[in-house]
Structure formats: structure tokens, C-alpha cells
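Residue numbers (full-length UniProt numbering): 1 to 748.
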């Protein structure tokens, strides 16, 4: 009640002037003479919109975005857009694929056109609905073909078994598709009419329940009659399109026809003419194209043949295009009919064309200084004499490491040795540096290569013996993984080689987190051949902003074009004739260049085999597919990252490889090839960064056993086996399992 009777000021309340904070605004206004800054006015006006105008502006922006989405949806499969590309994926070996495709082809007033190549796809033209579809069946058992087609598909049509749904191969295929990125999809169930009615209803209920985990809120479409196939087509054309980020910013194309023209010099290399519909973005003739699974290539020209899947064949699209852009006649074609049918849209301009150069040619003189003067030389000599001390160090020790060595006056006259295992260290990635922590610290260089393998000297026909050898190798790997899990980074001190020689490439770090480490220190010469960005995230942001704002000159989305691709091996044409899909992606600037890529991955739960670092794996990264031998490291926010010897099943790890630059976002799948040629999915994730300066450090722990323990000291044995090694590692800090720290006092 007291609050209700509180005093409220009336309309005659005194209003005092606000304090002006000593800015002398009156003097500056008098000096300006009434002039108002031109640039400040529009910003202020935008900022000072009233509430109604702000709501109106938000409504307009929302309407524009909605109209853009609707226009994109309407153009797909229409007269002006590319045909609706539907990839048929069999998830069960017993699914009736041929009957389903026959039903889809039997639409009223629909025209069917068969594709070229051995894939067996077809196009469906429906003038009554003003829609056109292209159906491509992925070969059963060819996982890479399914993944390549899913990269460019508008919709996936999954065919299920009416009783079991999908089998183990279908489950594996679904895992890979979900990890790569799933476009729009539909679930069809052909067959099942031979079952009794009650069993059919029970099977359908059971199937609906089993798909809920993989496809929540998905609808099952039976596919046994023409009416059901019409409903399925209507659903495919009207459903919301799911976007895949890595393909929306790049022009891509699935080949409908291809022709190989051998070059004059060799029959193995020539020009490949690929025909298909442009999707995603406009295609520029001066940009590079990537043929999935085969590599990067240059274009020489782009032609505009008549559209073979036109809904209205009387309209020649080439005539309409010639009004939009300058179209030159094909001077190399003598026949008048060909000149009328095929028009040259664009020819590559050598001055604007992207180069295929993927590596830097290092300049040995780069970074060299001018010759110093006599005074500078004399001054340097004097300072060296004043500070010079002579220390014997093992062969291969850098000046940076030698500066840490304490001169104890004793002679380490051990013979300089270099293990093969140490040589293997030089083959690693340049950022694979090393550190010593604790009792000594970094994982030894050659420990990665000391894998025990049984190699048969002759080919044995007895499969049992070969199976036993594989089992022994797998058992050895399981043991190594288990030991690394129980005693991470711990190694035994060698008896035959002095520890100061064996571990000469390692250094003691007081703190793994805070101790400094120069990423440019002691890099191999080959590391100068890769490309590095000054600021990768800024380059990526500017590039994507440019794609969104500026319209690329070239073949627009929906045009049927023929691309002339230069210097293509004949194997590309042979794989197309065998029925494998031919998928092309245009590359963004810099994407043909080599650098160091870091992927953040997590172990796939369906695979538990040990995977060691530097084993060859197959990568699906965005639109690329390649083989590489990666390094594994921990995913932390620090500037140094500890190398892992095995791909851990319980944590996300960073996988580092040499590979062509790809701008994220991009999904990544890691496969391991079995001895029988089958590929197992071992990890999935995404592209983290393109960063050659990311430091991956091998850590090594040398452990000893306490012999006698006193209040403040302890006697430890079996850590080193000679006096010189103890004195050599004396500056390195020790620690116990319980966190106590100390230093070596003296050898006993």
C-alpha cells in the first residue's frame, strides 16, 4: 500500500541542463559555421530509425531471404535450372532396385532418356508438371562411388528391404554418408506384397521403429504401384533442400557424357570433353577444376551444345544464350551443322588462368644478408673470443641445443653414432619437434618405426600360414597400443648406445605449457616448398565474402555445357566407361597448392583396431580424395601439442598431413585399407585449420626405480647405465609419479 501512494513528479517538474563535460562544443560549432559532416549523416539516420521503420526493414530482409530460397527451390528441376539429381542408394542386397526404377519410368506423359557411360542412369522429363529429374544408381558395394555421387546429389533415394531394412553393408554406407554430410533424402520400400496382410503391417511397424534412430521424423514411402511412385516423385521435388557448405561455394558438375581426344605426343594423355549441367556457382573457364579421385586440371574452353533434356525442344537454348553473352563460332569446326549446334561460350585467357603449380620452388639465396664490413667482422670476432667456451657435443646437435649444455669439465669421448631410427625423424613433418619432460622427456624419434612385422620371404599358397602372420602382427600392435596406454611416452634406456647419443635430438623442457619453442627452428629444406598464409582466417573470410557479393563471369547455374579439360590421363575416361561417376568441382583460389592441413577427428565406434601414426590412410576431405600418412596429436588450446603414437578411441585428436589447401568448412573421413582391398571407416571429423606453424612435439619419458629413499634425497637406478649419461642429463628436471620435483645431484 505504501508503494501505491508514492509521490510521482507532475508535468511542471524542473528540468536542469545536462553537464557538458568540458568539450567546448559551442566553440567548435561556431567554428564550423553550421556545416554538417557529410558521412556522419546517413549513419546517424540509419541508427535513428524509429520502431516502425526498424520492424519494416526487418520484414523486408526476411521477405528477401524467403524469396531467394523459394526461387532456388523452384529453379531446381525446372526449365531454367539443372535437372533434379536423384542418386538411388541400395541399403540392402535384397532390395528390388530394377523394379523401382521401372516404376519411376512409367509415369504418365513422361519421356525417358538414357545416360551415356556404363552407369545405367536415365533422365525423366515430365512436361505436364514442368519438372525434369535425373536418376543415377550407385553401384552396390562401391563405397567411394556412393560418396562421390552424394557430394553432388540434390536428393538421395534410399531403397530398404521390407523386412530387415538395411544390412551390415548398408549400415556402414549410412555411417559414411552421415559423416560426409547428408543432402535431402527419401526412404522407399519396394516389394513386400507377397507377405500376408498381418505380417506386412507388423513388418512395416517394426521397420518404422528401427529407422527412428537414424532418420527421426522420416516417412516411409511404399513403392509398388504407379500411384505410389508419383507420390514419391512429388515428395522429392517439393521437400526442403539441405545445404552442404563445401559444395555451395564451388561450381560442380556430374558428367552426363564424355569424350577423350588423345594429344599429338601421346595416346595416354589428351583433352577430355565432359558434358553436364552446371550446379552450385557459375563456372569460370580460367579457374581450375578438380576431378574427384584423379587430380587438378586446367580448362581450355567451354562450349554450349543444345540441351538434351529440354522440356520444350523447339526452343534452342544456344540462341537464347548468344543474346546474353558474346558467343564466338567454333572456328575449328568445318561443318555448318556443328557451327549451328555447338557454340563456344568462353576460351581460357593464359594471362588470367590459374596455374597448376602446387609447390614453391625454394630460392637458396633467399634470406641471405649483404656482406658485412671489416669493422663488423672484427667486432664479432672479439665478442666471440670473449664468450667462447669449448664443449663436446654429439653429432647432429644444433647450436640452440648446445647453448643449454652445462660444461662439467669431463670428456664425453663416446663415439658419435646415428641410429637408423634417428634418421627416420628427419622424414617426419617439419613441425614434428621434440621435447624432454620429466625424467628426460620426448618420445624417441625412432620408436614409431620400430614396429615388429613378420615378412615372408616367399609367397605361400597356404592361406592358413598367411592368416597366422596377420594375426601375429595384429597381436603385436594391440600389445604396443596397450603398453602406450598404460605407460604413455615411457621408453627403456638403451644398453648398447649411450643415452646422450640416442636421444641427442631431444631437449629438456621445464614446462611443456610455458617453455618457449620457435616454430621456425631447424626446419628441413623441403619445408620451404609448401605454401603458408600470413592470416588464413582473414583470407578465407575475404574470399567467401567476394563469392557472395560479386557475380562470377562464366557459365551460369543450370546451363548444359561441354568442358574441354587439358592434359587428362586416359584412365579417367576408362573409369567413366566402367560405370564409375565422373564428378568435377571448380577450385577456389590457392586450392591447388600444397600446405599442412589439420583435421579434428574422433574415432568411429564401429572400429577398434589399433591405428599407429604414420600408417597410410585414405582421406575424404570435402570434395577431395587422397592417401596420406598422418601424425596424431592432442587437441589443446596451447601453442605446443603432444604427439600421440596411436589414434585414441576415447578422445578427439588432431590429424596432421601434407595435402592440397582446402577452405573449411569441410567434412573428413578416414579409411584404412585391409589386405583384401576393403576399406574400413576408422575416424570422422572436420577440417580444423591450414597451419604449417602448428608445433607437434614428441615427448619421451626415461624412468628409473628408487633404490633408497631419504628425507630429501633418493637413490635411483636403471635410468642410465654410465656416468657420462648421468652428467649429460644433469640439467634436466626430474619428477615423480606423485608430482614431486628435483634434480640429479651426482652419479654413484
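Idealized CB from N, CA, C, for every residue including glycine.
For residue 658, the beta-bridge partners assigned by DSSP are 596. Cα atoms of residue 385 and residue 374: separation of roughly 17 Å, rounded to the nearest angstrom. Beta-bridge analysis with DSSP links residue 711 to no other residue.
Each of 550, 661, 311 and 281 was checked against the Cα of residue 357, and the nearest Cα belongs to 661. Cβ-Cβ distances below 7 Å link residue 295 to nothing in the same chain once the five nearest sequence neighbours on each side are left out. With a threshold of 16 other beta carbon atoms within 10 Å, residue 152 meets it and is buried. A direct Cα-to-Cα measurement between residue 101 and residue 68 gives close to 33 Å. The three-state secondary structure of residue 346, taken from DSSP, is strand. Just measuring C-alpha positions, the residue of 141, 471 and 731 sitting nearest residue 610 is 471.
With respect to the 7 Å criterion, residue 681 and residue 604 are classified as neighbours on the basis of their beta carbons.
Linking residue 263 to residue 641 through their CA atoms gives a straight-line distance of about 49 Å. Just measuring C-alpha positions, the residue of 218, 614 and 215 sitting nearest residue 627 is 614. In the displayed model, residue 357 falls within coil according to three-state DSSP, outside both helix and strand.
Ranked by Cα distance from residue 354, the options 346, 372, 718 and 299 are led by 299. About 4 Å separates the CB atoms of residue 587 and residue 288; that is less than 8 Å, so the two are in contact.
Here residue 235 carries a helix assignment [DSSP, helix/strand/coil]. Contact fails between the segment 709 to 723 and the segment 657 to 675, because fewer than three Cβ pairs, one in each stretch, are under 8 Å apart.
Annotated three-state conformation of residue 185 is strand, per DSSP. Per DSSP, the beta-bridge partners of residue 641 are 696.
By the CB criterion at 7 Å, residue 125 and residue 147 fall outside the cutoff. Taking a cut-off of 8 Å on C-beta distances, the segment 205 to 212 does not touch the segment 546 to 558, as fewer than three cross pairs fall below it. With a contact defined as Cβ atoms closer than 8 Å, residue 565 and residue 137 miss out at about 25 Å.
In the three-state DSSP reduction, residue 299 falls in the strand class (E or B).
No Cβ-Cβ contact shorter than 7 Å links residue 91 with residue 141.
The alpha carbon of residue 144 has as its nearest neighbour, out of 344, 625 and 94, the alpha carbon of 625.
In the structure shown, the three-state DSSP call for residue 380 is helix. Counting of Cβ neighbours within 10 angstroms places residue 61 among the exposed residues, the total staying below 16. Taking 7 Å as the cut-off, the beta carbon of residue 718 is found closer than this to the beta carbon of residue 704. Boundaries of the beta strand (DSSP E) harbouring residue 257: 257 to 262, taken from the DSSP string.
The beta-bridge partner set that DSSP reports for residue 672 consists of 680. According to the DSSP secondary-structure assignment, residue 562 is paired through a beta bridge with 275 and 303.
Counting along the chain, residue 618 sits inside the beta strand (DSSP E) bounded by residues 617 to 621. Taking a C-beta distance under 7 Å as the contact criterion, residue 156 and residue 584 do not qualify as a contact pair. Taking a C-beta distance under 7 Å as the contact criterion, residue 688 and residue 666 do not qualify as a contact pair. Contact between residue 663 and residue 543 holds: CB atoms are separated by about 7 Å, below the 8 Å threshold.
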